[in-house]
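Following: one structure in structure tokens, then a few remarks.
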Ligand SMILES: [Zn+2]
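In the numbering used here, the protein residues as written are 218 to 523.
This is the structure:
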């Protein structure tokens, strides 16, 4: 009896610092970013060392702002064989931007990443705070025009700040009216009792018991889908300064279980095979050419209409 090779999942890191997160956006002015202690380089290197020790290559969605201030870090990510991708320039939510402003943000980020890591191909994007929702589907047109192969920006869940609960739970090709396509690679959810439970990482990894995360990943793999896991460097930096001005709810979300993330990530790396999103898409293209759903703009619009 032949045993299929286990599915390789994707480990992804959104490279930003603790003061740049959307939860603190209302109390930390972008113009003041330069005044904060920069901790992103050290905490990202902590993750790079962990990945190296486990022999894992990951995808690093990096802010252009960070690339300008930590070029050596960005160069080392690329030189280490990891995938360098874009998290935008200044962590602006797509939902706060016009299509023109989004295009400028994408271009500025890409220039900064390419300047820091010459030779890197930047063709993947993750929207800050999963801000591609039913109101911002135009972002795919902009990304296609800017030459992006994929976005990994949708969380198919119900949530107060993001999410498209009816979006497909696996990578899909999204085509435009001219038939041009790009991929959306959504965050992993586990279908339980008719609802999508977010088991993709970040704050969810910090609040859900590790056994639940593992069951969710196994369920995705049993469906033939690679799990897409995300985390942030500040989540492995329990010593980070506290942003006292933020609301109680934002602080509760940001600081819960920061001291546990590192071990939980290591546990996942020991339990499952991980690689980059580029690897996941290469395999999709190779093995599922005929079965991967392609969504035309009309189908996509129907899908996200409540
Ligand atoms: Zn982010």
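We put the CB at the ideal spot given by N, CA and C, even for glycine. Here the structure is a predicted model, which means the values were calculated and not measured.
Ranked by Cα distance from residue 229, the first of 453, 448, 490, 459 is 448.
With 5 angstroms as the limit, the residues whose C-beta approaches any heavy atom of ligand 1 more closely are 231, 233, 345, in sequence along the chain. The segment 257-265 makes no contact with the segment 304-321, as fewer than three CB pairs between them are under 8 angstroms. CA-CA distance, residue 362 to residue 416, rounds to 32 angstroms.
For residue 235, the secondary structure class from DSSP, reduced to helix, strand or coil, is helix. When C-alpha distances from residue 515 are compared across 460, 395, 477, the shortest belongs to 395. Within the segment 296-374, complete alpha helix (DSSP H) segments of at least 4 residues are found at 316-333, 355-362, given in chain order.
A distance below 6 angstroms between beta-carbons, with the five flanking residues on each side excluded, links residue 513 to the following residues of its chain, in chain order: 392. Within the segment 407-459, complete beta strand (DSSP E) segments of at least 3 residues are found at 412-415, 445-448, given in chain order. Residue 225 and residue 273 have their alpha carbons spaced roughly 11 angstroms apart. Under a 10 Å Cβ-count criterion, residue 501 is classified as buried, with 16 or more other Cβ atoms of the shown protein chains found around its own Cβ. DSSP places residue 255 outside both helix and strand once states are collapsed to three, so it counts as coil. When C-alpha distances from residue 323 are compared across 296, 256, 290, 278, the shortest belongs to 278.
In this model, residue 302 and residue 412 are separated by some 30 angstroms (Cα to Cα). Looking only at 442, 489, 418, the smallest Cα-Cα distance to residue 477 is reached by 418.
In terms of Cβ geometry, residue 334 and residue 295 form a close pair [threshold 7 angstroms].
Beyond the five residues adjoining it in sequence on each side, residue 271 comes within less than 6 angstroms, by CB distance, of 486 in the same chain, given in chain order. Put simply, of 242, 374, 438, 359 the residue whose alpha carbon is nearest the alpha carbon of residue 497 is 438. When DSSP states are grouped into helix, strand and coil, residue 243 belongs to the coil group.
Short of 6 angstroms from the beta carbon of residue 253, and not among the five residues preceding or following it, lie these beta carbons of its own chain, in chain order: 236. Per DSSP, the continuous alpha helix (DSSP H) segment holding residue 286 begins and ends at 281-286.
As DSSP reads the structure, residue 389 sits in a beta bridge with 401. Residue 321 and residue 284 have their C-alpha atoms roughly 16 angstroms apart.
The C-alpha of residue 340 lies about 14 angstroms from the C-alpha of residue 281. Bridge pairing for residue 492: 227 [DSSP].
Nearest Cα to residue 440 within the set 517, 386, 331: 386.
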